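K.L.:
Numbering of the sequence shown is given in this note's numbering, commencing with residue 501 and proceeding in unit increments.
Just passing along the structure, written as structure tokens.
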Amino acid sequence: MNLHEYQAKELLARHGVSVPRGRLARRPAEAAEAVRALGGNLWVVKAQIHSGGRGKAGGVVLCRSPEEAEAAAARLLGSRLVTHQSGGTGLPVEAVLVEEGTAIKRELYLSLLVDRTRPALAFVASTDGGMEIEEVARSHPERIVTVALPRSGYAPFVGRRLAFALGLEAGARAELAALAETLAALFVENDASLVEINPLVITADGGLRVLDAKITMDDNALERHPDLAAWDDANQRPPTEVEAERAGINYVALEGTIGCMVNGAGLAMATMDLIKLSGGEPANFLDVGGDATAERVTAAFRLILSNPQVRAVLVNIFGGIVRCDLIAEGIVQAVREVGVRAPVVVRLEGTRAEEGRALLARSGVRIVPVRGLAEAAQRVVQEARAS
Numbered sequence: 501m502n503l504h505e506y507q508a509k510e511l512l513a514r515h516g517v518s519v520p521r522g523r524l525a526r527r528p529a530e531a532a533e534a535v536r537a538l539g540g541n542l543w544v545v546k547a548q549i550h551s552g553g554r555g556k557a558g559g560v561v562l563c564r565s566p567e568e569a570e571a572a573a574a575r576l577l578g579s580r581l582v583t584h585q586s587g588g589t590g591l592p593v594e595a596v597l598v599e600e601g602t603a604i605k606r607e608l609y610l611s612l613l614v615d616r617t618r619p620a621l622a623f624v625a626s627t628d629g630g631m632e633i634e635e636v637a638r639s640h641p642e643r644i645v646t647v648a649l650p651r652s653g654y655a656p657f658v659g660r661r662l663a664f665a666l667g668l669e670a671g672a673r674a675e676l677a678a679l680a681e682t683l684a685a686l687f688v689e690n691d692a693s694l695v696e697i698n699p700l701v702i703t704a705d706g707g708l709r710v711l712d713a714k715i716t717m718d719d720n721a722l723e724r725h726p727d728l729a730a731w732d733d734a735n736q737r738p739p740t741e742v743e744a745e746r747a748g749i750n751y752v753a754l755e756g757t758i759g760c761m762v763n764g765a766g767l768a769m770a771t772m773d774l775i776k777l778s779g780g781e782p783a784n785f786l787d788v789g790g791d792a793t794a795e796r797v798t799a800a801f802r803l804i805l806s807n808p809q810v811r812a813v814l815v816n817i818f819g820g821i822v823r824c825d826l827i828a829e830g831i832v833q834a835v836r837e838v839g840v841r842a843p844v845v846v847r848l849e850g851t852r853a854e855e856g857r858a859l860l861a862r863s864g865v866r867i868v869p870v871r872g873l874a875e876a877a878q879r880v881v882q883e884a885r886a887s
């Protein structure tokens, strides 16, 4: 689960991290009111969406009067901001963050993430703050430093190593070391999977301040953090993914023409690989779970067919926990109920697979039962091309 910038900064502020003073506005007039309340002579109005690249897309606006802030908010609120990360339709802007200006001396990059190659938590830092870290990695990899945390947890050498790598002066070195320790505690305490600060700025007076922040939570741990789970903004996610979550289905939309319904994440990945090897393109990743029910199968078909690009559907079920004949009944019921017009290729294996295939064969609906997975992938590619 991603947090909005204003939520990430609230969480950071709770842990004593320095962030600019700001106010959230959901109406243009509130942006002007926020400017007057904050005081000063320079402010920034920032669209709140779950995407990077807001500045380049016009979602971050410098303002020098309440009127300018209100005009910027009026332009952003109610719009869909398209960035290089948001997809073609963009994301809805339902709030803007109005912040006081900051006198910037230098911009840095700092993040903490799960490095699965070590495996360990690791800080990633760079002297090139304010830029996309992926671009820095491509063009100047020598400007990126990675410091892993010991298995026992945070240790003081981590902060010192980061500070020296970034070339900070004595006062800022101590402040960065303290910040690194705070971020490590926040990360573990809240079951985060990413904390990213870009840019982390050195202000004119030599202090550190978080100018922008992104925090991603581990979905599997949200039940331990109901206060953070309440911050979820479903409007920032595709409606299909929200519907899938409610149905207990793991679903990710892709760009192909072959819908996939599989039980088990590993089997789903293998199924997608075989579709690609057979010359097709998967339209989605979809895992109905090991205990798939007829209701969940029906919901899965609805999700798959909500994509107008789907030309054929491959159902690949291994009956371990669940019986294949019960899944077959659910497939037939779902095809009839949903009104599936695309050809459906079904591969069943495992408990009562023969009975399941026989049930499909005599169902009278447009279903093609096959035995092998390779055969299923080749057949669904053929069906997609012919439809």
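For glycine and all other residues, C-beta sits at the position ideal for the given N, C-alpha and C.
Keep in mind that this is a model prediction, so the values were computed, not measured.
Indicate whether the contact test is met: 3 or more Cβ pairs, each with one atom in the segment 534 to 542 and one in the segment 597 to 615, closer than 8 Å.
P.N.:
In short, these stretches touch, since the Cβ pair count reaches three.
K.L.:
Determine the direct distance from the alpha carbon of LEU786 to that of PRO843, and round the result to whole angstroms.
P.N.:
Translated into positions along the sequence shown, residue 843 becomes position 343. Translated into positions along the sequence shown, residue 786 becomes position 286. Between PRO843 and LEU786, the C-alpha separation is close to 18 Å.
K.L.:
Return the bridge partner residues of TRP543 from the DSSP annotation.
P.N.:
As a first step, residue 543 is located in the sequence shown; it is residue number 43 there, counting from the start. According to DSSP, TRP543 bridges with CYS563 and GLU600.
K.L.:
Taking all protein chains shown into account, do 16 or more other C-beta atoms lie within 10 angstroms of the C-beta of ARG606, making it buried, or fewer, making it exposed?
P.N.:
By one-based count along the sequence shown, residue 606 stands at place 106. That one is buried.
K.L.:
Quick check on DSSP: helix, strand or coil for VAL788?
P.N.:
The residue labelled residue 788 in the question sits at position 288 within the sequence shown. Of the three classes helix, strand and coil, the one that applies to VAL788 here is coil, per DSSP.
K.L.:
How about ALA547 and LEU524: do their beta carbons lie closer than 7 Å?
P.N.:
Residue 547 sits at position 47 when you count from the first residue of the sequence shown. Residue 524 sits at position 24 when you count from the first residue of the sequence shown. Cβ distance not < 7 Å, so ALA547 and LEU524 don't count as in contact.
K.L.:
Here's the rule: buried if 16 or more other CB atoms are within 10 angstroms of the residue's CB, otherwise exposed. What is ASN720?
P.N.:
Within the sequence shown, residue 720 is the residue found at index 220, counting from 1. With fewer than 16 Cβ atoms within 10 Å of its Cβ, ASN720 is classed as exposed.
K.L.:
ILE715 bridges to which residues according to DSSP?
P.N.:
Here residue 715 is taken as the residue at index 215 of the sequence shown, counted from 1. Looking at the DSSP assignment, ILE715 forms a beta bridge with VAL695.
K.L.:
If we call anything under 7 Å between Cβ atoms a contact, is ALA876 one with LEU814?
P.N.:
The count along the sequence shown starts at 1 and reaches residue 876 at position 376. The count along the sequence shown starts at 1 and reaches residue 814 at position 314. It is a contact, given that the beta carbons lie within the stated cut-off.
K.L.:
Whose C-beta lies closer than 7 Å to the C-beta of ARG661 among residues of the same chain, with five residues either side of it excluded?
P.N.:
Sequence index remark: in the sequence shown, residue 661 carries index 161 (1-based). Contacts found: VAL647.
K.L.:
When you compare only the Cα positions, how much space is there between THR682 and ASP628?
P.N.:
If you number the sequence shown from 1, residue 682 lands on position 182. If you number the sequence shown from 1, residue 628 lands on position 128. Going from the Cα of THR682 to the Cα of ASP628 covers about 22 Å.
K.L.:
ALA665 and ARG673: beta carbons closer than 7 Å?
P.N.:
The residue given as residue 665 occupies position 165 in the sequence shown. The residue given as residue 673 occupies position 173 in the sequence shown. Result no, Cβ atoms of ALA665 and ARG673 do not sit closer than 7 Å.
K.L.:
Identify whether PRO528 lies in helix, strand or coil by the three-state DSSP scheme.
P.N.:
What you label residue 528 is simply residue 28 of the sequence shown in a count that begins at 1. Helix.
K.L.:
Under 6 Å Cβ to Cβ from ASP718, same chain only, skipping five residues before and after it: list those, please.
P.N.:
Here residue 718 refers to the residue found at position 218 of the sequence shown. Same-chain partners within the cutoff: ASP691 and SER693.
K.L.:
In the structure shown, what three-state DSSP assignment does LYS509 receive?
P.N.:
Within the sequence shown, the letter at position 9 stands for residue 509. Helix.
K.L.:
Which residues bound the alpha helix (DSSP H) around MET772?
P.N.:
Within the sequence shown, the letter at position 272 stands for residue 772. Where MET772 is concerned, the enclosing alpha helix (DSSP H) stretches over 765 to 777.
K.L.:
Could you give the distance in angstroms between the alpha-carbon of THR623 and the alpha-carbon of LEU676?
P.N.:
Indexing the sequence shown from 1 puts residue 623 at position 123. Indexing the sequence shown from 1 puts residue 676 at position 176. Per the sequence presented here, residue 623 reads as Phe, with Thr not at that position. Their Cα atoms are separated by approximately 12 Å.
K.L.:
If THR798 and GLU837 are in contact, beta carbons under 8 Å, what's the gap, nearest whole angstrom?
P.N.:
If you number the sequence shown from 1, residue 798 lands on position 298. If you number the sequence shown from 1, residue 837 lands on position 337. THR798 to GLU837, Cβ: 6 Å. Contact.
K.L.:
Assess, as a yes-or-no matter, whether the segment 584 to 592 is touched by the segment 567 to 575 under the definition of 3 or more beta carbon pairs within less than 8 Å.
P.N.:
At 8 Å Cβ cutoff, the stretches do not touch.
K.L.:
Could you give the distance in angstroms between the alpha-carbon of ALA508 and the alpha-carbon of VAL544?
P.N.:
Numbered from 1 along the sequence shown, position 8 holds the residue referred to as residue 508. Numbered from 1 along the sequence shown, position 44 holds the residue referred to as residue 544. So the alpha carbons of these two residues sit roughly 17 Å apart.
K.L.:
Mind pulling the alpha helix (DSSP H) runs of 4 or more residues that sit fully within the segment 600 to 678?
P.N.:
Entirely contained in the segment 600 to 678, the alpha helix (DSSP H) runs reaching 4 residues are, in chain order, 633 to 639 and 656 to 665.
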